[in-house]
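Novice: One structure, pasted below without further comment.
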Amino acid sequence: MEVSLEVLGLLFLVAGLAGFIDAMAGGGGLLTLPALLAAGVPPTQALATNKLQSSFGSFSASWYFVRNGIVSLKEMRLAIVCTFIGSAMGAELVQQFDASLLTSLIPLLLIAISLYFLLAPQTRADSGKKPLPEALFALCVGGGIGFYDGFFGPGTGSIFTVCFVVLGHFSLVDATARTKVLNFTSNIAALTFFLIAGLPIWQIGLTMAVGGFIGARMGAKVVVTKGQKWIRPLVITMSMLMALKLLWEQHSQSFLSMF
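2 is the number of the first residue of the sequence shown in this note's numbering; add one for each residue after it.
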(Lines of atoms letter the chains of each structure in order from A; the text may use other names.)
(Lines give C-alpha, C1' and ligand atoms only; values in the text may rest on other atoms or scores of the structure.)
Protein backbone atom coordinates (compact mmCIF):
# COMPACT_ATOMS: atom_id res chain seq x y z
CA MET A 2 0.00 0.00 0.00
CA GLU A 3 1.42 3.39 -1.06
CA VAL A 4 0.94 6.46 1.14
CA SER A 5 2.11 10.04 0.63
CA LEU A 6 4.66 11.78 2.83
CA GLU A 7 1.93 14.14 4.02
CA VAL A 8 -0.20 11.24 5.25
CA LEU A 9 2.81 9.61 6.92
CA GLY A 10 3.60 12.91 8.64
CA LEU A 11 0.06 13.21 9.98
CA LEU A 12 0.09 9.59 11.18
CA PHE A 13 3.42 10.28 12.94
CA LEU A 14 1.88 13.22 14.83
CA VAL A 15 -1.26 11.28 15.71
CA ALA A 16 0.83 8.39 17.03
CA GLY A 17 2.92 10.78 19.13
CA LEU A 18 -0.17 12.27 20.76
CA ALA A 19 -1.69 8.80 21.21
CA GLY A 20 1.50 7.50 22.83
CA PHE A 21 1.52 10.44 25.25
CA ILE A 22 -2.09 9.85 26.29
CA ASP A 23 -1.78 6.06 26.34
CA ALA A 24 1.20 6.10 28.72
CA MET A 25 -0.88 7.98 31.27
CA ALA A 26 -4.45 6.74 30.87
CA GLY A 27 -4.78 4.25 28.04
CA GLY A 28 -7.02 4.90 25.05
CA GLY A 29 -4.38 5.80 22.48
CA GLY A 30 -6.09 3.47 20.04
CA LEU A 31 -9.00 5.90 19.98
CA LEU A 32 -6.73 8.14 17.92
CA THR A 33 -4.55 5.72 15.98
CA LEU A 34 -7.12 3.21 14.69
CA PRO A 35 -9.45 5.84 13.18
CA ALA A 36 -6.40 7.57 11.69
CA LEU A 37 -5.27 4.34 10.03
CA LEU A 38 -8.75 3.66 8.67
CA ALA A 39 -9.02 7.25 7.42
CA ALA A 40 -5.73 6.73 5.57
CA GLY A 41 -7.36 3.88 3.65
CA VAL A 42 -5.85 0.93 5.53
CA PRO A 43 -8.18 -2.13 5.47
CA PRO A 44 -9.63 -2.95 8.92
CA THR A 45 -7.69 -6.17 9.61
CA GLN A 46 -4.42 -4.60 8.51
CA ALA A 47 -5.25 -1.47 10.50
CA LEU A 48 -5.58 -3.61 13.65
CA ALA A 49 -2.28 -5.37 12.95
CA THR A 50 -0.44 -2.16 12.02
CA ASN A 51 -1.78 -0.49 15.14
CA LYS A 52 -0.33 -3.33 17.22
CA LEU A 53 3.02 -2.82 15.50
CA GLN A 54 3.21 0.88 16.31
CA SER A 55 1.69 0.62 19.80
CA SER A 56 4.26 -2.02 20.78
CA PHE A 57 7.00 0.59 20.55
CA GLY A 58 5.05 3.11 22.63
CA SER A 59 4.15 0.61 25.34
CA PHE A 60 7.78 -0.58 25.42
CA SER A 61 8.98 3.01 25.85
CA ALA A 62 6.65 3.66 28.78
CA SER A 63 7.33 0.25 30.35
CA TRP A 64 11.10 0.69 30.15
CA TYR A 65 10.85 4.11 31.79
CA PHE A 66 8.83 2.71 34.72
CA VAL A 67 11.13 -0.30 35.14
CA ARG A 68 14.32 1.74 34.91
CA ASN A 69 13.05 4.18 37.54
CA GLY A 70 12.22 1.37 39.94
CA ILE A 71 8.46 1.96 39.92
CA VAL A 72 7.71 -1.60 38.86
CA SER A 73 9.60 -4.89 39.18
CA LEU A 74 9.45 -7.37 36.32
CA LYS A 75 10.40 -10.18 38.70
CA GLU A 76 7.31 -9.53 40.82
CA MET A 77 5.11 -9.50 37.71
CA ARG A 78 6.57 -12.53 35.94
CA LEU A 79 3.49 -14.74 36.45
CA ALA A 80 1.11 -12.03 35.21
CA ILE A 81 3.40 -11.41 32.23
CA VAL A 82 3.32 -15.09 31.23
CA CYS A 83 -0.47 -15.33 31.58
CA THR A 84 -0.98 -12.10 29.63
CA PHE A 85 1.28 -13.27 26.80
CA ILE A 86 -0.54 -16.60 26.48
CA GLY A 87 -3.97 -14.97 26.64
CA SER A 88 -3.12 -12.34 24.03
CA ALA A 89 -1.58 -14.91 21.68
CA MET A 90 -4.76 -16.97 21.83
CA GLY A 91 -6.90 -13.91 21.17
CA ALA A 92 -4.83 -12.76 18.20
CA GLU A 93 -5.03 -16.18 16.64
CA LEU A 94 -8.80 -16.43 17.08
CA VAL A 95 -9.57 -12.92 15.79
CA GLN A 96 -8.23 -13.94 12.39
CA GLN A 97 -10.83 -16.69 12.20
CA PHE A 98 -13.93 -15.23 13.88
CA ASP A 99 -16.05 -12.09 13.58
CA ALA A 100 -15.37 -9.87 16.60
CA SER A 101 -18.28 -7.50 15.89
CA LEU A 102 -20.43 -8.98 18.67
CA LEU A 103 -18.00 -7.68 21.26
CA THR A 104 -18.53 -4.07 20.22
CA SER A 105 -21.96 -3.97 21.85
CA LEU A 106 -20.40 -4.70 25.25
CA ILE A 107 -17.37 -2.40 25.05
CA PRO A 108 -19.15 0.98 25.49
CA LEU A 109 -20.95 -0.24 28.62
CA LEU A 110 -17.67 -1.48 30.07
CA LEU A 111 -15.91 1.81 29.33
CA ILE A 112 -18.73 3.84 30.85
CA ALA A 113 -18.51 1.69 33.98
CA ILE A 114 -14.76 2.38 34.14
CA SER A 115 -15.37 6.11 33.81
CA LEU A 116 -18.00 6.13 36.54
CA TYR A 117 -15.73 4.20 38.88
CA PHE A 118 -12.90 6.70 38.54
CA LEU A 119 -15.33 9.61 38.72
CA LEU A 120 -17.13 8.47 41.87
CA ALA A 121 -14.51 6.45 43.74
CA PRO A 122 -12.43 8.14 46.45
CA GLN A 123 -8.78 8.93 45.85
CA THR A 124 -6.95 5.62 45.61
CA ARG A 125 -4.07 4.88 47.96
CA ALA A 126 -1.53 2.07 47.93
CA ASP A 127 -2.61 -0.76 50.19
CA SER A 128 0.03 -3.04 51.66
CA GLY A 129 -2.56 -5.29 53.30
CA LYS A 130 -3.95 -8.58 52.08
CA LYS A 131 -5.13 -8.39 48.47
CA PRO A 132 -8.59 -9.64 47.47
CA LEU A 133 -7.13 -12.10 44.96
CA PRO A 134 -4.09 -14.37 45.40
CA GLU A 135 -1.25 -13.49 43.04
CA ALA A 136 -1.70 -16.61 40.89
CA LEU A 137 -5.44 -16.08 40.52
CA PHE A 138 -4.94 -12.40 39.75
CA ALA A 139 -2.39 -13.27 37.06
CA LEU A 140 -4.62 -15.91 35.50
CA CYS A 141 -7.90 -13.96 35.57
CA VAL A 142 -6.66 -10.43 34.94
CA GLY A 143 -3.51 -11.11 32.91
CA GLY A 144 -4.89 -14.03 30.91
CA GLY A 145 -8.41 -12.65 30.51
CA ILE A 146 -7.58 -9.08 29.55
CA GLY A 147 -4.63 -10.30 27.49
CA PHE A 148 -7.02 -12.47 25.49
CA TYR A 149 -9.36 -9.52 25.03
CA ASP A 150 -6.52 -7.28 23.85
CA GLY A 151 -5.30 -9.80 21.31
CA PHE A 152 -8.84 -10.43 20.08
CA PHE A 153 -10.18 -6.88 19.98
CA GLY A 154 -8.47 -4.33 22.20
CA PRO A 155 -10.26 -1.00 22.84
CA GLY A 156 -9.91 0.14 26.45
CA THR A 157 -7.36 -2.50 27.47
CA GLY A 158 -5.15 -0.03 29.33
CA SER A 159 -8.08 1.41 31.28
CA ILE A 160 -9.35 -2.08 32.18
CA PHE A 161 -5.91 -3.17 33.40
CA THR A 162 -5.63 0.00 35.49
CA VAL A 163 -9.01 -0.54 37.13
CA CYS A 164 -8.13 -4.16 37.99
CA PHE A 165 -4.82 -3.15 39.58
CA VAL A 166 -6.58 -0.48 41.63
CA VAL A 167 -9.66 -2.47 42.66
CA LEU A 168 -8.20 -5.97 42.96
CA GLY A 169 -4.58 -5.12 43.72
CA HIS A 170 -5.02 -2.04 45.95
CA PHE A 171 -2.33 -0.13 44.06
CA SER A 172 -2.23 3.65 43.72
CA LEU A 173 -2.99 5.02 40.25
CA VAL A 174 0.69 5.69 39.60
CA ASP A 175 1.72 2.13 40.50
CA ALA A 176 -1.29 0.70 38.67
CA THR A 177 -0.43 2.67 35.54
CA ALA A 178 3.18 1.44 35.62
CA ARG A 179 2.08 -2.20 35.91
CA THR A 180 -0.56 -1.65 33.25
CA LYS A 181 2.05 -0.57 30.70
CA VAL A 182 4.16 -3.68 31.34
CA LEU A 183 1.20 -5.98 30.69
CA ASN A 184 0.02 -3.81 27.80
CA PHE A 185 3.42 -4.21 26.15
CA THR A 186 3.30 -7.95 26.80
CA SER A 187 -0.10 -8.34 25.15
CA ASN A 188 0.94 -6.10 22.24
CA ILE A 189 4.03 -8.20 21.51
CA ALA A 190 2.12 -11.48 21.74
CA ALA A 191 -0.62 -10.30 19.36
CA LEU A 192 1.90 -8.69 17.02
CA THR A 193 3.81 -11.96 16.73
CA PHE A 194 0.77 -13.73 15.33
CA PHE A 195 -0.13 -10.82 13.07
CA LEU A 196 3.42 -10.87 11.70
CA ILE A 197 3.14 -14.59 10.98
CA ALA A 198 -0.01 -13.80 8.98
CA GLY A 199 1.79 -10.97 7.15
CA LEU A 200 -0.81 -8.35 8.11
CA PRO A 201 1.10 -5.25 9.35
CA ILE A 202 2.05 -2.50 6.88
CA TRP A 203 5.67 -1.81 7.79
CA GLN A 204 6.10 1.65 6.27
CA ILE A 205 3.15 3.04 8.18
CA GLY A 206 3.69 1.01 11.33
CA LEU A 207 7.33 1.97 11.81
CA THR A 208 6.67 5.65 11.07
CA MET A 209 3.95 5.72 13.70
CA ALA A 210 6.13 3.68 16.05
CA VAL A 211 8.71 6.48 16.21
CA GLY A 212 6.04 9.02 17.09
CA GLY A 213 4.43 6.69 19.61
CA PHE A 214 7.79 5.92 21.25
CA ILE A 215 8.55 9.61 21.78
CA GLY A 216 5.05 10.43 22.99
CA ALA A 217 4.95 7.48 25.40
CA ARG A 218 8.28 8.47 26.93
CA MET A 219 6.97 11.97 27.59
CA GLY A 220 3.70 10.61 28.98
CA ALA A 221 5.48 8.20 31.34
CA LYS A 222 7.52 11.07 32.72
CA VAL A 223 4.37 13.07 33.38
CA VAL A 224 2.91 10.09 35.30
CA VAL A 225 5.91 10.10 37.64
CA THR A 226 6.00 13.87 38.13
CA LYS A 227 2.29 14.72 38.16
CA GLY A 228 0.85 11.47 39.51
CA GLN A 229 -2.87 11.19 40.11
CA LYS A 230 -3.52 14.84 39.30
CA TRP A 231 -3.21 14.05 35.58
CA ILE A 232 -4.03 10.34 35.40
CA ARG A 233 -7.48 10.37 37.02
CA PRO A 234 -9.17 12.89 34.68
CA LEU A 235 -7.48 11.36 31.63
CA VAL A 236 -8.73 7.87 32.48
CA ILE A 237 -12.26 9.25 32.81
CA THR A 238 -12.05 11.36 29.66
CA MET A 239 -10.51 8.72 27.40
CA SER A 240 -12.88 5.99 28.61
CA MET A 241 -15.92 8.20 27.99
CA LEU A 242 -14.67 9.27 24.57
CA MET A 243 -14.06 5.68 23.49
CA ALA A 244 -17.51 4.66 24.75
CA LEU A 245 -19.24 7.52 22.91
CA LYS A 246 -17.25 6.83 19.74
CA LEU A 247 -18.19 3.15 19.73
CA LEU A 248 -21.83 3.89 20.53
CA TRP A 249 -21.95 6.41 17.67
CA GLU A 250 -20.45 3.90 15.23
CA GLN A 251 -23.01 1.29 16.24
CA HIS A 252 -26.11 3.48 16.23
CA SER A 253 -25.35 6.50 14.04
CA GLN A 254 -27.44 5.22 11.13
CA SER A 255 -30.48 4.67 13.36
CA PHE A 256 -30.03 8.09 14.91
CA LEU A 257 -29.67 9.90 11.58
CA SER A 258 -32.69 8.10 10.14
CA MET A 259 -34.85 9.85 12.75
CA PHE A 260 -34.26 13.22 11.08
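Note that CB positions come from ideal geometry on N, CA and C, so glycine has one too. A quick note: this is a predicted structure, and the numbers were derived from the prediction, not measured.
Do Val95 and Val174 have their C-beta atoms within less than 9 Å of each other?
Specialist: No, they are not a contact pair.
Novice: Note down, in chain order, each residue of its chain lying with its Cβ closer than 8 Å to the Cβ of Leu242, except the 5 sequence neighbours on either side.
Specialist: Gly28 and Leu31.
Novice: Which parts of the stretch 22-100 are runs of the alpha helix (DSSP H), unbroken and 4 residues or longer, counting only runs that do not cross its ends?
Specialist: Those alpha helix (DSSP H) runs which fall completely within the stretch 22-100 and span 4+ residues are 30-39, 44-68 and 78-95.
Novice: Compare the beta carbon distance of Ala80 and Ala139 with 9 Å and say whether it is the shorter of the two.
Specialist: Contact: yes.
Novice: Exposed or buried, Gly70, counting other C-beta atoms within 10 Å across all chains shown (16 or more means buried)?
Specialist: The residue in question, Gly70, is exposed, as its Cβ has fewer than 16 Cβ neighbours within 10 Å.
Novice: List in chain order: all unbroken alpha helix (DSSP H) runs of 4+ residues lying wholly within the stretch 151-185.
Specialist: Entirely contained in the stretch 151-185, the alpha helix (DSSP H) runs reaching 4 residues are, in chain order, 157-167.
Novice: What's the C-alpha gap between Arg68 and Leu37?
Specialist: Rounded to whole angstroms, Arg68 to Leu37 spans 32 Å at the Cα level.
Novice: On the three-state DSSP scale, how would you describe Gly199?
Specialist: Three-state DSSP puts Gly199 in coil, outside helix and strand.
Novice: For Asn188, I'd like the list of residues in its chain whose CB is within less than 6 Å of its CB, leaving aside the five on either flank, ordered along the chain.
Specialist: Excluding sequence neighbours, Asn188 sits near Lys52, Ser55, Ser56 and Ser59.
Novice: Quick one: what's got a C-beta closer than 6 Å to Met2's C-beta in the same chain, skipping five residues either side?
Specialist: So the qualifying residues of the chain are Ile202.
Novice: Comparing C-alpha positions only, which one of Gly10, Leu109 and Ala49 sits nearest to Lys246?
Specialist: Taking only the C-alpha atoms, the option nearest Lys246 is Leu109.
Novice: Taking only three categories from DSSP, how would you classify Gly4?
Specialist: Here residue 4 turns out to be Val, not Gly, going by the sequence shown. Looking at Val4 - three-state DSSP - the assignment turns out to be coil, as it is neither helix nor strand.
Novice: For Arg78, count neighbouring Cβ atoms within 10 angstroms of its own Cβ and tell me buried if that reaches 16, exposed if not.
Specialist: Exposed, by the Cβ-count rule.
Novice: Three or more C-beta pairs closer than 8 Å, one from the stretch 7-21 and one from the stretch 208-218: is that the case here?
Specialist: They touch, by the three-pair rule.
Novice: What is the C-beta distance between Arg179 and Ser61, in whole angstroms, given that I count them as a contact (C-beta under 8 Å)?
Specialist: Rounded, the Cβ-Cβ distance is 16 Å, inconsistent with contact.
Novice: Leu242 by DSSP, collapsed to three states: which one?
Specialist: If DSSP states are grouped into helix, strand and coil, Leu242 belongs with the helices.
Novice: For Pro134, name the three-state secondary structure that DSSP assigns.
Specialist: Correct three-state label for Pro134: coil.
Novice: Let's test the definition: count the other Cβ atoms within 10 Å of the Cβ of Thr124 and tell me whether it reaches 16, buried, or not, exposed.
Specialist: Any reading at Thr124 is ruled out, since the residue's pLDDT is 49, under 50, leaving its predicted position unreliable.
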